[in-house]
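Structure first, commentary second.
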Amino acid sequence: MDPIQTEIVVIGAGPGGYAAAFYAADKGKKVILVEQEKRLGGVCLNRGCIPSKALLHATKLVAEAKESHTRGITFEPPKIDLAKMRAWKESILAKLGQGISGLAQKRGILILTGRARFEDSRTLRIETPEGQKFVNFEKAIIAVGSKSAMPKAFDLGNPRIMTSREALELEEIPAQLLIVGGGYIGMELGTVYASLGSSVVVVEALDSILMGADPDLVRPVMKYAEKAFKEVRLKTKVLKMATSGKQIKVTFDESGQEKVEQYDRVLVSVGRVPNCEDFGLENTKVARDEKGFIKVNSQQQTGDPAIYAIGDVAGGALLAHKAAKEARVAVEVITGETTAFENVIIPAIVFTDPEVAWCGLTEAEAKQKGMDVKIAKFPWSASGRALSFDRTDGLTKLVIDPETERILGVGLVGAGAGELISEGVLAIEMGATARDLAETVHPHPTLSETLMECAEVFYGHATHTFTRKP
Amino acid sequence: MDIKLPSLGEGADSGTVVNVFVKEGDQLKMDQPVLELENEKAVAPIPSPAEGKVIQVRVKVGDKLTVGQVMLSLAEGDGAAPKRSEPSPIEGREAAPTPEATTERIEKVQEPSSAKAPPPGIPLPAPPSIRKLAKDLGVDLSKVRGSEPGGRIVLQDVRAYIQKLQQLAFASTPASTKESKPATPPAPQIDFAKWGPVRKEPLSTLRRTISQRMREAWTTIPHVTQFDEADITRLSELRKQQSEAKGAKLTLTCFALKAVVRVLQKYPIFNASLDESTQEVVYKDYFHIGLAVDTDSGLIVPVIRDVDKKDLVTLAKELAELAVKARDRKISLEELKGGTFTISNQGGIGGGHFTPIVNKPEVAILGLGRGALKPAVRNNQIEQRLILPVCLSYDHRLIDGGQAARFVVDLVQEFETFKEDEAKS
C-alpha cells in the first residue's frame, strides 16, 4: 500500500495537537491528525481538565448545601447515584469529543486512529483498525502528551491503587482514601472525593501543598482541607504499599517515624511522565532530556529538522493552554512566520476550594531571587461581592516593579479566582502599570474589583481598605 | 577645585596637549587660555572655565587629554569663591550630518531602552501584537525605548527606532569605509633606506585629519572643476584707493567674499548640503564662508560668519585678526565649524588655475590663483590687464555643469563690475 502524502502530520489530538492541526489547516496546509484513541481531545478532555471540573462542579453543591443552613436553607443529606454522575460526566466528554471531530472534518483534516511510530524522519507508521498505514510527511508535530507517573514501588497491578485517570472514572466512593502527592491533581480530586463522603488523607513529601504557589495563596486551601479532609500530612513519604484483602496496606515515613495504615483506595498523584516510549523516536534525530521530555528550541523545533514537538511531551508547564500556544508557534514557524515561544505568560489555576490562580512573577520567586518588587494585597473580606456569597477567604495580590510601576505578577485565591486571572495575564502581556489597572473601571459588585482596588492599595488610596501611609 | 577639560563641541572629545600656558602659583582669570590642545580638527586653546590661583598643573605637553579629565587644581582664591561658568558645549552649526555626528547617533540608538530588563520569564513591556511585529521585522525590542508609562513600547516607538536604524545605515556607509579596511589593499611597505638615508616623522593629528577628510571628500564626491578668468584691473585700483582711504587693508579676499556671497544668494544650491541619510538637500539661509589658510602645521579652514551682513571694512578687520590667530595657532574649534562655502585663495603665493577639493559637507569651493598681467582684447585692442584665474569645484551629485557655468560667469561679472560705492561704504 502506498504511503499517504501530507504536508503536516500531527500526532496526538489533545489540546495541543488538535489546535495545531486546525491552525495548520486554516493556513491552507494538508494535514493528517493521528490519535490512538477513538475520541479526540487527549488527556484534557478525556481524563483531565474537563472531567475533573465536571466532577468538582457536581460535588460543590454537596458542600454548599451543607453550609446553607446558616442562611436559613436546610437540605436532607444528599443521595449520590454514581452511575448517573458518571453518565452525566461522560455525556459532556462525548459532546466535546464530537465537537472536535466535527471541527476537524469541516477543515478537511484526515483523522487516522491508531498508534503511530516513526519509521524515519519522513515516515510514520500507524496501526489503524483497518491495518497498517504509512504517512509520508514534510513536517511532523509531536503532541502525544504525558501520563500519570506510577512509581514501581506502588505499581502492584491492584486497581485500588489509582492514578487520576482511574480516580476520574468514579468507580466507587472509598470510605478511606489516601492521596499520595499534594499537588493540584491530588488536591482537586481530594476535594471531589471528600465532598462525596470519603475520608481523605493527603500525604505530601514537601513542607507545603501546591508547590509553586505563594504560601499566602495556599493558606485558605490548607484551611479548607484541614476541615474537609481527615488530614493533610506534610513532610511524609510513602515507603511501600501492599495488597491487604480489599484494602491497601500503606507504610509511611513521617519525619523519620514509620507508620502503617489501611486504606480502601489510594490515589497516586506524584507527577507526570512524557509518552515517549515505543514511538520510534530513535529512528529520527529527535533528542530527549534526562527526564525523557523531547528537547525543543523556542520555535518548538526538535533535533530533527522535520519534526516539532509541543505540549506536555516537550516539557515545561504541563498545561493545556501552554500546549495550545506552542501549537500556534509550531505551525507559524512551519508556515514561514517569524515567531517564538518566548516570555509567554502562562497562568496556573488550581481548582480547589477556594481556587488558586497566579501568573507572571510570584512573590516567593521575587524574594528568592532578591528582586526589588512591591507587593500590594487586597483581602476579599473587603469585597462586597465576596461577602454576598459568604466567601471572604480570598486574597488578590499584585507584584509590582517599584521603578516602572509595571505589573510583573498577579496572585489570587478565592472562589472563582480561576476566572479572574486572565485580566492579570493581559495586564502583564500588555505591559500595564498598576496605574492602568487602578484607572480602569471595574463593574460593581464583582470580584474583578479586587484587582483594581489592589492596584489602588499600591498607591495608598483603595476605597474599601485603609492603608496607613508610611 | 579641580578644573576639568570642558566639552570641545560636537565630535571632539580628546586631544594631545601641545602647550601649557600656566604654571603653579599663577593667578588664573576666567577664560584665560590654560593650554593648547591638538585634535583631529585643529590646535585650539582651552580657556579656563574658572578663576583662582593655580595650585597644581596636572597635565604636561604630550599628554592625551579627554573631556572631563582634570587639567589643573585651583585654590579657592583670596577667600572669594571662585566664579565658575558652566562649561557649555559648543554648538555645532553644521546642517549636514558629519561622520562624528553619526557615531553619536549610533551610540544613542544602541543605548538600551529601559533602565532594567524585566525579570526572567516576563516579556518586555510591549503588547503581544507589537512583540510579534518586532519579531517579524527582526527588531530587537530590548533596544527600543518605550515612550509610554512604565516604559511600555508602542508601535510608534518601533517605527521611530526603525527610522533611526535606516538613517544610520545610510550615514554609516562612508563612515565605515573610513574605519574599515580600504577597498584597495594598502600599498606594500617600501624600504626607502635602500636607496639612501631617510628620516621618518609621525603624521600629526591635524595631518591625519586632513588626509582622512580629503580622502573621504575625494572618494565620495564626484568633482568637476570649472575654470574661468576675471579681469580685476579695475577692482585692483579700487582696492588700492580704498585701502588708503579706510586705513584697513582691503585684500582681494575681502572682495572675493562679497562677490561670492552675492552669487550664492542667486544660486542657493551652492550654499547647500546633501543629507545622504535622508536624501534631502539642506539649503542654508546663512552665509558662513570658510577660508583655506595655509599654516606651518597644515591646512585649516576658519569660517567667517554672516558675510552677507558685513561690509568690506568689517570683513577686512576680521581677516586681519584671523591671519594673526592662525599664525599663533589660536583658532578655536568653533571658528572652524559651520561653513557653507569655502574660498581657497592662492594668489598670495602664486600659481594659476588649480582644482580645489570640496570641503565636505559643503558642495562647492572657489579657488583663486594669482592675478597676473596678461594681454587681453578690449574694444578690439590688445591691452595689458590684470587677470585673475578662477576655479570652481563642485559636487556633481547636487550641481550640474550648467549651473556651475552660470555661477562662474556671474562671479566673474561681480569681480569685474564691483561697485565703487560699495567699496566706499
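Protein chains in written order, with this note's numbering: chain A, 2 to 471; chain B, 649 to 1073. Cβ atoms here follow ideal geometry from the backbone N, Cα and C, with glycine treated the same way.
Proximal chain A residues relative to residue i, where beta-carbon distance stays under 8 angstroms
i, result
"residue 780 of chain B", "340"
"residue 774 of chain B", "432"
Buried/exposed call for residue i, threshold 16 Cβ in 10 Å
i, result
"residue 90 of chain A", "buried"
"residue 771 of chain B", "buried"
"residue 731 of chain B", "Bear in mind that the predicted position of residue 731 of chain B carries a pLDDT of just 43, short of 50, making it too unreliable to give a figure here."
"residue 232 of chain A", "exposed"
"residue 803 of chain B", "exposed"
"residue 302 of chain A", "buried"
"residue 838 of chain B", "exposed"
"residue 808 of chain B", "exposed"
"residue 418 of chain A", "buried"
"residue 835 of chain B", "exposed"
"residue 1030 of chain B", "exposed"
"residue 1066 of chain B", "buried"
"residue 140 of chain A", "buried"
"residue 283 of chain A", "exposed"
"residue 2 of chain A", "exposed"
"residue 70 of chain A", "exposed"
"residue 369 of chain A", "exposed"
"residue 881 of chain B", "buried"
"residue 904 of chain B", "buried"
"residue 456 of chain A", "buried"
"residue 386 of chain A", "buried"
Proximal residues of chain A, C-beta to C-beta of residue i below 7 angstroms
i, result
"residue 810 of chain B", "Here the premise fails: no neighbours, minimum Cβ distance about 15 angstroms."
"residue 800 of chain B", "432"
"residue 783 of chain B", "339, 340 and 341"
Whether residue i touches residue j by CB criterion (9 angstroms)
i, j, result
"residue 175 of chain A", "residue 194 of chain A", "yes"
"residue 712 of chain B", "residue 664 of chain B", "yes"
"residue 336 of chain A", "residue 25 of chain A", "yes"
"residue 1018 of chain B", "residue 999 of chain B", "yes"
"residue 696 of chain B", "residue 679 of chain B", "yes"
"residue 46 of chain A", "residue 97 of chain A", "yes"
"residue 123 of chain A", "residue 134 of chain A", "no"
"residue 226 of chain A", "residue 203 of chain A", "yes"
"residue 409 of chain A", "residue 442 of chain A", "no"
"residue 240 of chain A", "residue 254 of chain A", "yes"
"residue 184 of chain A", "residue 272 of chain A", "yes"
"residue 206 of chain A", "residue 236 of chain A", "yes"
"residue 683 of chain B", "residue 702 of chain B", "no"
"residue 1021 of chain B", "residue 995 of chain B", "no"
"residue 144 of chain A", "residue 400 of chain A", "no"
"residue 295 of chain A", "residue 310 of chain A", "yes"
"residue 618 of chain B", "residue 434 of chain A", "In the structure as shown, chain B begins at 649 and stops at 1073. Residue 618 of chain B is therefore absent and cannot be evaluated."
"residue 1035 of chain B", "residue 879 of chain B", "yes"
Chain-ordered chain B contacts of residue i [CB-CB under 9 angstroms]
i, result
"residue 420 of chain A", "Residues of chain B passing the Cβ test: none, with the nearest at roughly 21 angstroms."
"residue 406 of chain A", "797 and 798"
Limits of the alpha helix (DSSP H) - the one that residue i falls within
i, result
"residue 776 of chain B", "776-785"
"residue 1028 of chain B", "Here residue 1028 of chain B belongs to no alpha helix (DSSP H), and DSSP marks it neither H nor E."
"residue 425 of chain A", "418-430"
"residue 700 of chain B", "From DSSP, residue 700 of chain B is part of no alpha helix (DSSP H) but of the beta strand (DSSP E) over 700-705."
heavy atom of the ligand NAP below 8 angstroms from residue i C-beta
i, result
"residue 1042 of chain B", "Looking at this structure, you won't find the ligand NAP or any other ligand, since it has none at all."
Run of the beta strand (DSSP E) containing residue i, from where it starts to where it stops
i, result
"residue 445 of chain A", "Per DSSP, residue 445 of chain A belongs to no beta strand (DSSP E) and is neither H nor E."
"residue 152 of chain A", "From DSSP, residue 152 of chain A is part of no beta strand (DSSP E); its letter is neither H nor E."
"residue 377 of chain A", "375-380"
"residue 347 of chain A", "No beta strand (DSSP E) contains residue 347 of chain A, which DSSP labels as neither H nor E."
"residue 410 of chain A", "408-415"
Contacts that residue i makes with chain B (C-beta to C-beta distance below 8 angstroms)
i, result
"residue 409 of chain A", "766, 767 and 770"
Practice task
Could you list the residues in the region 343-354 of chain A with a C-beta less than 8 angstroms from some C-beta on chain B, going in chain order?
Solution key: Residues passing the 8 angstroms Cβ filter: 343, 344, 345 and 346.
Practice task
Quick one: which residues of the region 426-453 of chain A get their C-beta closer than 7 angstroms to a C-beta of chain B? List them in chain order.
Solution key: Hits within the stretch, in order: 429, 430, 431, 432, 434 and 436.
Practice task
Anything in the region 223-257 of chain A with a Cβ closer than 8 angstroms to a Cβ of chain B? List those residues in chain order, please.
Solution key: Going along the region 223-257 of chain A in chain order, one finds no residue with a Cβ nearer than 8 angstroms to chain B.
Handout entry: Residues from the region 356-375 of chain A in contact with chain B, defined by Cβ distance under 9 angstroms
Key = Residues passing the 9 angstroms Cβ filter: 361, 362, 366, 367, 370, 372 and 374.
Practice task
Note down, in chain order, all residues in the region 954-986 of chain B with a beta-carbon under 7 angstroms from any beta-carbon belonging to chain A.
Solution key: Residues: none.
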